[in-house]
Amino acid sequence: MARSTLKKRKKGASAGKLRIADHWNAISIIASSQANPLKAVAEFVENSIDARARHIVITRGKKKGEFYLKVSDNGEGIPRDGKGLPDFRHVATHICDSVKRRLKAKGAEGIQGEFGIGLLSFWTVGQNLSITCCGADGSTYEMTMAKNAPEFSVFKKRVLIPFKGTDLMVHPLLPGLRLLTGEKIQRYLASELRDRIKESGVKIEVVDRTSRTEHLVVPRQYTGRLLHDLRPAETESGDIYLELYLSDPASTNQVGLYRRGTRVLPSIVELDHFQKEPWNAGYLQGIIDASFLNLTPGTRQGIIQDERFDAFCKAMEPVEKRLQEVIEEQRKAEEERSSRQILRKVQRALREAFLRLPEEEYDWFDIHGGKGKKKKASLFSSGPMIGTAREGDGREDDAHKDAPELDGDQRRQMEFFEFAGPLFSVLISPKSSVVPVDNRKKYRSVCRDRSRRTVLENLVYRWEIIDGEGQLQGGDDESVVFIAPSEPCLTSLKVVVR
Numbered sequence: 087m088a089r090s091t092l093k094k095r096k097k098g099a100s101a102g103k104l105r106i107a108d109h110w111n112a113i114s115i116i117a118s119s120q121a122n123p124l125k126a127v128a129e130f131v132e133n134s135i136d137a138r139a140r141h142i143v144i145t146r147g148k149k150k151g152e153f154y155l156k157v158s159d160n161g162e163g164i165p166r167d168g169k170g171l172p173d174f175r176h177v178a179t180h181i182c183d184s185v186k187r188r189l190k191a192k193g194a195e196g197i198q199g200e201f202g203i204g205l206l207s208f209w210t211v212g213q214n215l216s217i218t219c220c221g222a223d224g225s226t227y228e229m230t231m232a233k234n235a236p237e238f239s240v241f242k243k244r245v246l247i248p249f250k251g252t253d254l255m256v257h258p259l260l261p262g263l264r265l266l267t268g269e270k271i272q273r274y275l276a277s278e279l280r281d282r283i284k285e286s287g288v289k290i291e292v293v294d295r296t297s298r299t300e301h302l303v304v305p306r307q308y309t310g311r312l313l314h315d316l317r318p319a320e321t322e323s324g325d326i327y328l329e330l331y332l333s334d335p336a337s338t339n340q341v342g343l344y345r346r347g348t349r350v351l352p353s354i355v356e357l358d359h360f361q362k363e364p365w366n367a368g369y370l371q372g373i374i375d376a377s378f379l380n381l382t383p384g385t386r387q388g389i390i391q392d393e394r395f396d397a398f399c400k401a402m403e404p405v406e407k408r409l410q411e412v413i414e415e416q417r418k419a420e421e422e423r424s425s426r427q428i429l430r431k432v433q434r435a436l437r438e439a440f441l442r443l444p445e446e447e448y449d450w451f452d453i454h455g456g457k458g459k460k461k462k463a464s465l466f467s468s469g470p471m472i473g474t475a476r477e478g479d480g481r482e483d484d485a486h487k488d489a490p491e492l493d494g495d496q497r498r499q500m501e502f503f504e505f506a507g508p509l510f511s512v513l514i515s516p517k518s519s520v521v522p523v524d525n526r527k528k529y530r531s532v533c534r535d536r537s538r539r540t541v542l543e544n545l546v547y548r549w550e551i552i553d554g555e556g557q558l559q560g561g562d563d564e565s566v567v568f569i570a571p572s573e574p575c576l577t578s579l580k581v582v583v584r
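Quick note: the sequence shown, position 259, residue 345 per this note's numbering, numbers continuous.
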């Protein structure tokens, strides 16, 4: 009914069909639409994967003083014509008429291409393109194309040994791509084709002959905790695959948007609809793969925001709620962990402060009560305190009775972790004090390893007065007795421990 009404409204008006007036201008626009040369390299690699290649080698080198890029594979090669020869003419004369799209319509799986413009992206990489492939007769054929030129040529190429697969070479590279190293290509493909590499099992090597390095493209591995039970709502268009990881917050954490294993956007936050939490909170890594989304054909790096995109956004709403709950739990755990760390730092600072302060002037802190009294006495006093040794022995006996018995392996393991390492730091305790004239005061050196465990064995001490008056008694032990002079003065002590 709506259609007939529309026809009635347009009755009497002129109508027609759109067509391209300048075909070469249209081809030039399509070929120049790819803005990222690395994406063009990924297109070449995907063509090899679609051809069932099991091994792909990307070579960057220099020939006659100019850089080139070569992609070699052992796949099925260019489809052949009725004579068994590579059908290069069909490839060059059927732009925007994708053979792969027709194959997928017939039920073929594991094929990505659908626009028929992938080879044209060589314009953003270099000046000339050459594709070499063998025919059924064992001969080798090559097709050449040039940037900004509508012509192509196909000729027989002489080789010593026929090979299986296809060789694609772009040369010379554009001047701005001289810094396109093999390492950059490897990192890009590891993220761009992550799932395609995992699903197909293809081995991709990048050989950089200029820097004499070789890189194996390994699908990117995410860090953090894999999140389970994330179930997006069902859609009529297709399924949504989620692989999300919760990690420590960082600006580098991103969730990529993929389509059939190939990355479309490095971060889903690039879409206006997803510029919100939990996606921009910085806690999430991973991928979202929606095979039913429609892409912009030119760059293959954009999403057409049609009814399929709207269904995708609605299907992700329950996932967003669940992720928000997980992130809130993570934030609370981080706050509690931070509070505990601050508490430990404050406690450590107080222990260090009391260790450096004179004992007799800070009794009002009640640092001598209970268990702390025993530790303080062993640190500051010159000998065992009267009336406390017996009580301490009694408490130790009770503790030994209540403590569970440990077998030999557990006891040895505990002794191993309690064993102090090499000497790292030394301090004098107390750090400062007031000693009446002609009186004595005991000072002790506290030796620790890098993990702040006390070091007691195999040490040599040497005490000396570096400033002021006074005398030292027992200057070759961990503790020394300072005898104050008969006249008030300021005295500095020094201990050297080896």
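Glycine included, C-beta positions come from ideal geometry on N, C-alpha and C. These figures come from a predicted structure and were not determined experimentally.
task = Give a yes or no on whether the C-beta atoms belonging to SER565 and LYS528 are separated by under 7 angstroms.
result = In this structure, LYS528 lies closer than 7 angstroms to SER565 by Cβ.
task = Give me the Cα-Cα distance between ARG105 and VAL355, rounded to the nearest whole angstrom.
result = For ARG105 and VAL355, the distance between alpha carbons rounds to 37 angstroms.
ask   = Where does HIS301 land, buried or exposed, given buried means 16+ other C-beta within 10 angstroms?
value = With 16 or more other Cβ atoms inside 10 Å of its own Cβ, HIS301 counts as buried.
request  = Could you pull out every unbroken beta strand (DSSP E) segment of at least 3 residues lying fully inside the stretch 329 to 386, listed in chain order?
outcome  = Uninterrupted beta strand (DSSP E) stretches at least 3 residues long and entirely within the stretch 329 to 386 occur at 341 to 345, 348 to 351 and 370 to 376, given in chain order.
request  = Throw me the rounded Cβ distance for the SER323 and PHE378 pair, which I believe falls under 8 angstroms.
outcome  = Right, their Cβ atoms sit about 4 angstroms apart.
task = Kindly identify the DSSP beta-bridge partner or partners of CYS219.
result = Answer by DSSP bridge pairing, in chain order: TYR227 and THR252.
request  = Pick out whichever of ARG317, ASN380 and ARG166 has its Cα sitting closest to the Cα of HIS343.
outcome  = Reading off the sequence shown, one finds Leu at residue 343, where the question assumed His. When the alpha-carbon of LEU343 is set against those of ARG317, ASN380 and ARG166, the nearest one is in ASN380.
task = Just the C-alpha distance for GLU543 and PRO305, rounded to the nearest angstrom, thanks.
result = For GLU543 and PRO305, the gap between their C-alpha atoms comes out near 52 angstroms.
Cα-Cα separation, GLN345 to ASP375 = Inspection of the sequence shows that residue 345 is occupied by Arg rather than by Gln. Looking at the backbone, the Cα of ARG345 and that of ASP375 are separated by about 5 angstroms.
request  = Spatial neighbours of HIS109 within its chain, please: CB distance less than 7 angstroms, with the 5 preceding and 5 following residues excluded, ordered by chain position.
outcome  = Its chain contains no residue whose beta carbon lies nearer than 7 angstroms to that of HIS109 once the 5 sequence neighbours on both sides are disregarded.
key: Cβ-Cβ distance between ILE142 and SER134 below 7 angstroms   = Yes, these two residues count as a Cβ contact at 7 angstroms.
message = Using a 10 Å radius around the Cβ and a threshold of 16 neighbouring Cβ atoms, would you call ASN339 buried or exposed?
response = ASN339 comes out buried.
message = Just to confirm, is the Cβ distance from PRO165 to GLN213 under 7 angstroms?
response = At the C-beta level, PRO165 and GLN213 stay beyond 7 angstroms of one another.
request  = Answer yes or no: do GLY372 and ASP281 have a C-beta to C-beta separation smaller than 7 angstroms?
outcome  = No; because the gap between Cβ atoms is not below 7 angstroms, this pair is not in contact.
message = Looking at the strands, I want to know which residues DSSP matches up with PHE55.
response = This structure cannot speak to residue 55, because the chain is shown only from 87 to 584.
query = Contact check, GLY221 vs GLY170 under 8 angstroms by CB: the rounded distance?
reply = Contact holds; Cβ gap of about 6 angstroms.
message = Less than 7 angstroms between the C-beta atoms of THR120 and ALA128, yes or no?
response = Just to set this straight, residue 120 is Gln in the shown sequence, not Thr. Not in contact: GLN120 and ALA128 (Cβ atoms no closer than 7 angstroms).
GLY147, DSSP secondary structure in three states = GLY147: strand per DSSP, three-state reduction.
inquiry  = Give me, in chain order, the residues of the same chain whose beta-carbon lies closer than 7 angstroms to that of THR382; leave out the 5 immediate sequence neighbours on both sides.
reply    = Cβ neighbours of THR382 beyond the five flanking positions: GLY388 and ILE390.
ask   = So the alpha helix (DSSP H) ILE106 belongs to, where does it begin and stop?
value = First-last for ILE106: undefined, no H or E at that position.
query = Just reading off the beta strand (DSSP E) that GLN559 is part of, what are its end residues?
reply = Start and end: 557 to 559.
ask   = Looking only at DSSP bridge pairs, what is LEU312 linked to?
value = DSSP output for LEU312 lists TYR331 as bridge partner(s).
query = Tell me which same chain residues have a C-beta within less than 7 angstroms of the C-beta of VAL245, skipping the five on either side of it?
reply = Around VAL245: THR226.
Simplified DSSP assignment, three categories, for GLY212 = In this structure, GLY212 counts as strand in the three-state DSSP scheme.
Buried versus exposed, by CB contacts within 10 Å (16 or more), ARG146 = ARG146 is buried by the Cβ-count criterion.
task = With a threshold of 16 other CB atoms inside 10 Å of the CB of SER578, please say whether the residue is buried or exposed.
result = Exposed, since its Cβ has fewer than 16 Cβ neighbours within 10 Å.
ask   = According to DSSP, is SER424 helix, strand or coil?
value = Under the three-state reduction of DSSP output, SER424 falls in the helix class.
query = Roughly how far, in whole angstroms, is the beta-carbon of VAL567 from the beta-carbon of ARG526, given that I think they are within contact range, below 8 angstroms?
reply = With a Cβ gap of about 5 angstroms, VAL567 and ARG526 count as contacting.
ask   = Do you know offhand how far LYS460's Cα is from ARG437's?
value = Reliability of the predicted coordinates at LYS460 is poor, the pLDDT of 42 falling under 50, and the value obtained from them is presented with this limitation in mind. If you take the alpha carbons of LYS460 and ARG437, they lie about 14 angstroms apart.
Terminal residues of the beta strand (DSSP E) in which ASP553 lies = According to the DSSP assignment, ASP553 belongs to the beta strand (DSSP E) that extends over 547 to 553.
inquiry  = On the criterion of 16 or more Cβ atoms from any shown chain inside 10 Å, does GLY224 qualify as buried, or is it exposed?
reply    = A residue is called buried when at least 16 other Cβ atoms come within 10 angstroms of its Cβ; GLY224 does not meet this threshold and is exposed.
query = Do you know how far the Cα of VAL341 is from the Cα of TRP365?
reply = Rounded to the nearest angstrom, the gap between the Cα atoms of TRP365 and VAL341 is 7 angstroms.
inquiry  = Determine whether the beta carbon atoms of ASP159 and ASP167 lie at a separation below 7 angstroms.
reply    = Not in contact: ASP159 and ASP167 (Cβ atoms no closer than 7 angstroms).
task = Can you say whether SER239 is buried or exposed, counting buried as having 16 or more other CB atoms within 10 angstroms of its CB?
result = With fewer than 16 other Cβ atoms within 10 Å, it is exposed.
ask   = Which stretch, first to last residue, makes up the beta strand (DSSP E) that contains LYS580?
value = Its beta strand (DSSP E) spans residues 578 to 583.
query = What's the call for GLY458, buried or exposed, on a 16-neighbour Cβ count within 10 Å?
reply = Summary for GLY458: the model assigns pLDDT 44, below 50, so the residue's position carries little reliability, and this model does not support an answer.
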